[in-house]
């Protein structure tokens, strides 16, 4: 069976890493031929295109498949996607991200693809954007849902959000945690040489965050919370892993608050280096406003680091209150600061939460489990289509 994945772009990010890990795992399954279609990758987040190109014949780029709404390019992308799918003749199309999810599913239906799956890595509508934008995206998702056989969700919160919006029905949704290579994080250590390289002392209490420097990722809130932590925990330091368009704005915020010497911006980091950086953190704070379930949370837990997170979408499905970390009401930087201070003062608590988190992630977040769970749904849906007299 041929399977084609479609994604809007291959920047360095959780959804993109998930997609490539899924493809790599599925290539080991019997009887599957994998293809990947993506729009162009540009911007300071970095690119995974080279990684995709390491598999001969895997990647096809559609230049018009861009993230912003662009009626002309969107129409051209739809037609190109349809033609590519007609040429590839996949038995199943698996779409990822907002734009590719909508155009890819519509193109797959027009091309006569038997099974169409959409993967919800994050919400395309919610209180993080304007009412008109929400109306447009909700309407588009409802339209695309009519040609969708199944949804994969990285968190149950996505299922609840879509069902509440009148999109799909419960049997159409399967939660599959976004697996990753656990071993580098399980083996991560507090590398003192790496700390020194970044200007961090052995005695510093390092609060880490992993993510693109973009709006809704919560970096500004975290810097605000950190400013409240520092007077109580003078040895606290903030380590921001990643790059993005807000780099200058966030550096300016830290400078105005007198925190420049206490906040470290790593810049763009290859995914393979993230585990080493998690190893030198004492905890991870993820004050994001919008994400289905950030991969940074289970990555930190795999390394035995407790987490503090806003109560966005599926955060509480991994950041288990008082078991693996603390969940804070979104926007409440004061409580976030209090929780970070609590962790800084109590090494035994950090150890307890971190070890519970490590056990939870080992049981739920391996790449092998993620791939197997998706593969079983592939088999189930294709078998149903073969026996459906209306297909």
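In the numbering used here, the protein residues as written are 9 to 399. Ideal Cβ positions, reconstructed from N, Cα and C, are used throughout, including at glycine. Keep in mind it's a predicted model, so treat the numbers as computed, not measured.
Taking its Cβ as the centre, do 16 or more other Cβ atoms sit within 10 Å of residue i, making it buried, or is it exposed?
i           : result
residue 111 : buried
residue 24  : buried
residue 13  : buried
residue 98  : buried
residue 80  : exposed
residue 291 : buried
residue 395 : exposed
residue 314 : buried
residue 229 : buried
residue 199 : exposed
residue 109 : buried
residue 195 : exposed
residue 239 : exposed
residue 119 : buried
Cα separation between residue i and residue j?
i           : j           : result
residue 366 : residue 141 : 39 Å
residue 319 : residue 335 : 6 Å
residue 324 : residue 131 : 16 Å
residue 122 : residue 362 : 44 Å
residue 90  : residue 177 : 27 Å
residue 68  : residue 245 : 43 Å
residue 206 : residue 103 : 39 Å
residue 115 : residue 213 : 51 Å
residue 143 : residue 173 : 11 Å
residue 85  : residue 168 : 30 Å
residue 63  : residue 82  : 27 Å
residue 357 : residue 351 : 7 Å
residue 348 : residue 359 : 14 Å
residue 311 : residue 59  : 25 Å
residue 10  : residue 236 : 54 Å
residue 262 : residue 231 : 7 Å
residue 164 : residue 322 : 7 Å
residue 70  : residue 18  : 12 Å
residue 72  : residue 170 : 28 Å
residue 65  : residue 346 : 52 Å
residue 364 : residue 209 : 27 Å
residue 337 : residue 316 : 11 Å
residue 93  : residue 158 : 19 Å
List the residues that DSSP assigns as beta-bridge partners of residue i.
i           : result
residue 124 : 101
residue 161 : 128, 183
residue 231 : Paired residues: none, contrary to the question.
residue 315 : 292, 333
residue 43  : 12
residue 268 : Residue 268 pairs with nothing; no bridge assigned.
residue 217 : 248
residue 30  : Residue 30 pairs with nothing; no bridge assigned.
residue 55  : 19
residue 211 : Answer by DSSP bridge pairing: none, since residue 211 is not bridged.
residue 302 : Beta-bridge pairing links residue 302 to no other residue.
residue 374 : 188
residue 68  : 45
residue 273 : 248
Tell me, to the nearest whole angstrom, how far the beta carbon of residue i is from that of residue j; I am working on the premise that it is less than 8 Å.
i           : j           : result
residue 162 : residue 129 : 6 Å
residue 160 : residue 145 : Contact doesn't hold; Cβ gap of about 19 Å is too wide.
residue 221 : residue 258 : 6 Å
residue 105 : residue 182 : In fact, because the Cβ distance is near 18 Å, the residues do not count as touching under 8 Å.
residue 55  : residue 187 : At roughly 22 Å, the Cβ-Cβ gap does not stay under 8 Å, so residue 55 and residue 187 are not in contact.
residue 243 : residue 268 : Incorrect: roughly 17 Å between the Cβ atoms, too far for contact.
Does the ligand ZN have a heavy atom nearer than 6 Å to the CB of residue i?
i           : result
residue 280 : By its list of ligands, the structure shown contains no ligand whatsoever, and the ligand ZN lies outside what it can speak to.
(message) Quick check: the segment 236 to 250 against the segment 276 to 288, are at least 3 beta-carbon pairs closer than 8 Å?
(response) yes
(request) Indicate whether the contact test is met: 3 or more Cβ pairs, each with one atom in the segment 141 to 150 and one in the segment 31 to 47, closer than 8 Å. (result) no
(request) Could you say if the segment 376 to 391 and the segment 25 to 38 meet the contact criterion of at least three C-beta pairs nearer than 8 Å? (result) yes
(message) Under 8 Å: do the segment 270 to 281 and the segment 325 to 332 share three or more Cβ pairs, one atom per stretch?
(response) no
(request) Report yes or no: do the segment 257 to 274 and the segment 291 to 305 share at least 3 C-beta pairs separated by less than 8 Å? (result) no
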